[in-house]
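Numbering (my numbering), first residue to last: 5 to 157. In what follows, a structure is listed as structure tokens, so that the remarks can point back to it.
And the structure:
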């Protein structure tokens, strides 16, 4: 039997000709998206595992779409720390306050997600990228940190 579109995308990104349900693979990530909440949780894990640089700053997208505008000093401090980290990492696709929107809309609007891509995002709504023919999965901050470091999931 032929593979589903999901299996085809995963096989291509794992460097395999065929994958099937239940198989464990490592797959290359085309686009990695973090928001203000998930990135805040991923940065300490990223540092704890000894990572110093993201796998490819040109394939990482950070969108502030949860805590903007800031409701209090705690939120402002949190986002300030993420801004600093984004600068240090050289991430260009950064959608800060005033240049933001909903992450899952920004990615296709800006041409950052295409059919056949493998997208990992730190948000439960990441799977909306599947409407574009991409494999798109939401992950928690720990998996997000590992993907930021390794470029695979």
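Beta carbons are placed, not taken as given, at the ideal position from N, Cα and C, and that holds for glycine.
Cβ pair residue 66, residue 109 closer than 7 Å:
no
Straight-line CA distance for residue 16 to residue 80?
41 Å
What does DSSP give as the partner residue(s) for residue 153 in the beta ladder?
In the DSSP output, where bridge partners are listed per residue, residue 153 has none listed.
Tell me the rounded alpha-carbon separation between residue 56 and residue 107.
25 Å
From what residue to what residue does the beta strand (DSSP E) around residue 18 run?
Looking at the DSSP string, residue 18 is not in any beta strand (DSSP E); the run it does join, the alpha helix (DSSP H), is 9-18.
Validate contact between the segment 139-153 and the segment 117-124 using beta carbons, cut 8 Å, 3 pairs
yes
Identify every residue that forms a DSSP beta bridge with residue 36.
64, 124
Considering only their Cβ atoms, is the gap separating residue 127 from residue 83 smaller than 7 Å?
no
Is residue 30 buried or exposed, if buried means 16 or more other CB atoms sit within 10 Å of its CB?
exposed
Considering only DSSP beta bridges, list what residue 139 is partnered with.
122
Proximal residues to residue 89 (C-beta, below 6 Å), its chain only, five neighbours per side dropped:
47
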